[in-house]
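Okay, so here's the structure we're looking at.
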Amino acid sequence: LRVSLFITCYNDTLFPATGQAVVRLLERLGHTVEFPLDQTCCGQMHYNTGYQREAAPLMRRFVEIFRDAEAVCIPSSSCVAMIRDHYPLMAAEQSDPGLARAVDELLPRIYELTELLVHRFGVEDVGAAFPHRVTYHASCHSLRSLHLGDLPLRLLRNVRGIDLVDLPNVDRCCGFGGTFAIKMGDVSAAMLAEKMQDVESTRAKYVTAVDNSCLMHIFGGLHRRRTGIRTAHIAEILASTAEEPLEVPA
Amino acid sequence: MTIRVADAAHSPSFQKAAIPLLQDTQLRANVRHATDVIQRKRAAVVGETPDWQELRSAASAIKAHTLRYLDDYLLQFEQACTAAGGHVHWAADADDANRIIAGLIRQYGGNEIIKIKTMTSDETRLNDALEHESIRAHETDLAELIIQLGHDKPSHIVVPALHKNRNQVREIFREQMHLPELGNKPEDLTAAARHYLREKFLSVKIGLCGANFLVADTGSVCIVESEGNGRMCLTLPDVLISIAGIEKIIPAFQDLEVFLQLLPRSATGERMNPYNSLWAGVHPGDGPKHFHVVLLDNGRTSVLADREARQTLHCIRCAACLNTCPVYRQTGGHAYGSSYAGPIGAIVTPQLLGMESAQSLPYASSLCGACYEVCPVKINIPEVLIHLRGRVVREQKPALDPEALAMKTAAAIFTSRRRFEAAQRMGRLGQWPLVSHGWMKNLPGMLGNWTRVRDLRALPLQTFREWWKQRHHSERKAGNA
Numbered sequence: 010l011r012v013s014l015f016i017t018c019y020n021d022t023l024f025p026a027t028g029q030a031v032v033r034l035l036e037r038l039g040h041t042v043e044f045p046l047d048q049t050c051c052g053q054m055h056y057n058t059g060y061q062r063e064a065a066p067l068m069r070r071f072v073e074i075f076r077d078a079e080a081v082c083i084p085s086s087s088c089v090a091m092i093r094d095h096y097p098l099m100a101a102e103q104s105d106p107g108l109a110r111a112v113d114e115l116l117p118r119i120y121e122l123t124e125l126l127v128h129r130f131g132v133e134d135v136g137a138a139f140p141h142r143v144t145y146h147a148s149c150h151s152l153r154s155l156h157l158g159d160l161p162l163r164l165l166r167n168v169r170g171i172d173l174v175d176l177p178n179v180d181r182c183c184g185f186g187g188t189f190a191i192k193m194g195d196v197s198a199a200m201l202a203e204k205m206q207d208v209e210s211t212r213a214k215y216v217t218a219v220d221n222s223c224l225m226h227i228f229g230g231l232h233r234r235r236t237g238i239r240t241a242h243i244a245e246i247l248a249s250t251a252e253e254p255l256e257v258p259a
Numbered sequence: 072m073t074i075r076v077a078d079a080a081h082s083p084s085f086q087k088a089a090i091p092l093l094q095d096t097q098l099r100a101n102v103r104h105a106t107d108v109i110q111r112k113r114a115a116v117v118g119e120t121p122d123w124q125e126l127r128s129a130a131s132a133i134k135a136h137t138l139r140y141l142d143d144y145l146l147q148f149e150q151a152c153t154a155a156g157g158h159v160h161w162a163a164d165a166d167d168a169n170r171i172i173a174g175l176i177r178q179y180g181g182n183e184i185i186k187i188k189t190m191t192s193d194e195t196r197l198n199d200a201l202e203h204e205s206i207r208a209h210e211t212d213l214a215e216l217i218i219q220l221g222h223d224k225p226s227h228i229v230v231p232a233l234h235k236n237r238n239q240v241r242e243i244f245r246e247q248m249h250l251p252e253l254g255n256k257p258e259d260l261t262a263a264a265r266h267y268l269r270e271k272f273l274s275v276k277i278g279l280c281g282a283n284f285l286v287a288d289t290g291s292v293c294i295v296e297s298e299g300n301g302r303m304c305l306t307l308p309d310v311l312i313s314i315a316g317i318e319k320i321i322p323a324f325q326d327l328e329v330f331l332q333l334l335p336r337s338a339t340g341e342r343m344n345p346y347n348s349l350w351a352g353v354h355p356g357d358g359p360k361h362f363h364v365v366l367l368d369n370g371r372t373s374v375l376a377d378r379e380a381r382q383t384l385h386c387i388r389c390a391a392c393l394n395t396c397p398v399y400r401q402t403g404g405h406a407y408g409s410s411y412a413g414p415i416g417a418i419v420t421p422q423l424l425g426m427e428s429a430q431s432l433p434y435a436s437s438l439c440g441a442c443y444e445v446c447p448v449k450i451n452i453p454e455v456l457i458h459l460r461g462r463v464v465r466e467q468k469p470a471l472d473p474e475a476l477a478m479k480t481a482a483a484i485f486t487s488r489r490r491f492e493a494a495q496r497m498g499r500l501g502q503w504p505l506v507s508h509g510w511m512k513n514l515p516g517m518l519g520n521w522t523r524v525r526d527l528r529a530l531p532l533q534t535f536r537e538w539w540k541q542r543h544h545s546e547r548k549a550g551n552a
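Heads up: the sequence lines are chains A and B, in that order. Note that the numbering used here gives residue 210 to position 201 of the first sequence, counting from 1, and the numbers run on in steps of one. Note that the numbering used here gives residue 534 to position 463 of the second sequence, counting from 1, and the numbers run on in steps of one.
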């Protein structure tokens, strides 16, 4: 399959290793990856902060760039949620029937990474190896908007050598919430403190998730507390093999 | 018209009000403990209800239908209630409601009332208004009594004193009821309250209650409660006054079948409330001789006018969204500065106030969606929060607001590949004064809120797209060779 990668603006800028892992993983599974260079941002930050007018052109841009894709892979559940939950209404409000139709036609071809692997490809064992103790953080959008259920866990359980431990209170928000982390900094910090306690209780070496946004927040706190616990996007664990293990930056 | 929602119009912003609460470890422990207990009970009784999702959908449909024909149903209620011997009063705002109620109390020659817990009367600040008229209001719900005697404010819609533990309650009772020997066992505390309240139940001639539901076709009022204080207040006095928001109406008696399954399970984790009272008008020789209902608007019709947000009026005040909310869990209810705390408070309060006040509340959420998942009437609270954030930005923000300028600049960057790539390069170059050993630990301005408790890794040397372009460049070169 020819997979169009929407890497998302923050992964592009802050987490290139995640994008590289997605490319490696999909190519290893025999698919072709393309990356339309005109892509930027889905508009989630603007939309969720109240700047819906500013988000509308970004929606239009996304649709124009990806409307002919066979399948769009997005390694971020919150961006997928933005597209699935909000684009139809946003398009309807533009009073542009062509755009609304294009959104409707595109939505079935939008996949979060683990959805693409399990639902579209029917793969649960991607041939990965990752000999570490790992705990999985279920991001809110993955749980309550995409309803991923145990998809990510099914993929992780098939990773060679992994010691997968349950995270207590796995359905509780970590406190990132986009601009919430800045606007409501103290409350966000209190939520993070509770999440870090749960993470530390697992004695895991890595926290993984389908969203780097939560992980940036969680790792930022863990690093400040010098816990030595690291984070890795699920793509990086699934791309990791015995021959080519995950490269950990210093 | 002056719309008031307790003191919400003058309360500090959520982020400001949260600071001292986050430092109150006792309060936070109390909130976590109480909400954990209620959530566990709720999960058990919801789990045993096989048609829970169908019930939610039914409730949502009934409420949507009712709101569409709200004027008709309100008039139908007025007619049925009047026919049964009750009196219906219409209050445009909080002051109106308080004036009507004070007038009724005077008319019947009273100077004190016994009250069942009603958040609507907290919204209108009824007790303060009555005090100005030298009328004493006695709260008879245990939690409301704790709040009243402790000169405190409710922090939860269903369990208003949830932020207090029993030792703190004992201190309040000991002082206010003059009981120096009072123990701290639940039996001790309830016995003290019972003794204190019994005298009021037996002597005060006017009762005041809210309403869980107003039934249009029968003109009935429904109250559910756990302590029996409600039953006392509804049956013993000569005069009974009910204050209710206009959204409390449901079309038919039969609809209670849906709501009386959803409400107790969602609110207190019970299959059924211990006391369920339903009455219409007055009955000779049984219960109060005079019955009045005050129907309160206080901003509700303007909520109804907003297509995206009118689902807010579906709320049956079960507080399941408070108990599950990870933000409420950290701060408790006082941070919301209103009678209505938690996710539902964050959408109710600013809307009732016309979006001119309480503008921080729509932002008091990480949009995690836990509230929507538990809501028995399917209010999509995250959607409404986002919609209200849009209204704050579009209707209330000054043109030169720094956040608005930053957001507009970011949008301009994202609409052009060239500008986006230039911004990525500039970010990488511009960050160096702030980076030490690959990390940023002290960012300026608003971003300082991030680095106060979290480190931020420096922007990597290569963006993903740069890696991609480089890879394809070398592949092409290899292909040409």
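All residues carry an ideal CB built from backbone N, CA and C; glycine is no exception.
Item: Near-chain A residues of the segment 427-450 of chain B (beta-carbon distance less than 9 Å), N- to C-terminal order; Value: S431, P433, Y434, A435, S436, S437, L438, C439, G440, A441, Y443 and E444
Item: Beta-carbon proximity list for V31(A), same chain, < 7 Å, skipping 5 on both sides; Value: L14, C82, P84, L122 and A244
Item: 9 Å Cβ cut-off: residues of chain A touching P531(B); Value: T22, L23, F24, P25, A26 and P258
Item: M511(B) (DSSP reduced to helix, strand or coil); Value: strand
Item: Between the CA atoms of D368(B) and A90(A) - distance to the nearest angstrom; Value: 36 Å
Item: Coarse secondary structure for C389(B), derived from DSSP in three states; Value: coil
Item: Short CB-CB distance (under 8 Å) between L155(A) and chain B; Value: no
Item: Cβ-based burial, R181(A) [other Cβ within 10 Å; buried from 16]; Value: buried
Item: Cβ separation of T383(B) and V419(B), assumed to be a contact under 8 Å, to the nearest whole Å; Value: 6 Å
Item: Cβ of P66(A) within 8 Å of any chain B Cβ; Value: yes
Item: Per DSSP, the bridge partner or partners of N57(A); Value: Looking at the DSSP assignment, N57(A) forms no beta bridge with any residue, so it has no partner.
Item: Start-end ranges of the alpha helix (DSSP H) lying completely within the segment 171-208 of chain B, minimum 4 residues; Value: 190-194 and 197-203
Item: Residue burial classification, D326(B) (beta-carbon count within 10 angstroms, cutoff 16); Value: buried
Item: Minimum Cβ-Cβ distance from H146(A) to chain B less than 8 Å; Value: no
Item: Opening and closing residue of the alpha helix (DSSP H) in which E121(A) lies; Value: Not the alpha helix (DSSP H): E121(A) falls in the beta strand (DSSP E), residues I119 to E121.
Item: Below-8 Å beta-carbon distance, D526(B) vs any chain A residue; Value: yes
Item: For Q61(A), the nearest candidate out of A475(B), R542(B) and D377(B) (CA to CA); Value: A475(B)
Item: Collapsed DSSP secondary structure at R525(B) in the structure displayed; Value: coil
Item: DSSP bridge partner residues for S348(B) (one or two, in chain order); Value: I294(B)
Item: Cα-Cα separation between Y103(B) and Q401(B), rounded to whole angstroms; Value: A quick correction: the sequence has Arg, not Tyr, at residue 103(B). Roughly 8 Å between the two C-alpha positions.
Item: Closest Cα partner of G174(B) within the set I187(B), N347(B), L201(B) and G156(B); Value: L201(B)
Item: Reduced DSSP category for Y443(B) - H, G, I as helix; E, B as strand; rest coil; Value: helix
Item: Beta carbon proximity, P515(B) to chain A, threshold 8 Å; Value: no
Item: Alpha helix (DSSP H) runs contained entirely in the segment 349-388 of chain B, provided each spans 4 or more residues; Value: 371-375
Item: N520(B): contacting residues in chain A (beta-carbon distance under 7 Å); Value: I191 and G194
Item: Buried/exposed call for Q53(A), threshold 16 Cβ in 10 Å; Value: buried
Item: Closer than 8 Å to chain A by CB, W350(B); Value: no
Item: Buried or exposed by the 16-neighbour rule on C-beta atoms within 10 Å, applied to I90(B); Value: exposed
Item: Cβ neighbours of L35(A) in the same chain (closer than 6 Å, five flanking residues each side left out); Value: V12 and V42
Item: Element boundaries [beta strand (DSSP E), containing V108(B)]; Value: Segment T96 to G118 is the alpha helix (DSSP H) holding V108(B); no beta strand (DSSP E) there.
Item: Cross-chain neighbours of Q86(B) in chain A, by beta carbon under 8 Å; Value: K192, M193, G194, D195 and V196
Item: Straight-line gap, T534(B) to C18(A) (C-alpha atoms, nearest Å); Value: 10 Å
Item: Limits of the beta strand (DSSP E) - the one that I277(B) falls within; Value: I277 to C280
Item: Euclidean distance between Cα positions of T211(B) and L268(B); Value: 6 Å
Item: Cβ neighbours of S579(B) in the same chain (closer than 8 Å, five flanking residues each side left out); Value: Since the first residue shown for chain B is 72 and the last is 552, residue 579(B) is missing from the structure and cannot be characterised.
Item: Cα-Cα separation, P254(A) to K112(B); Value: 46 Å
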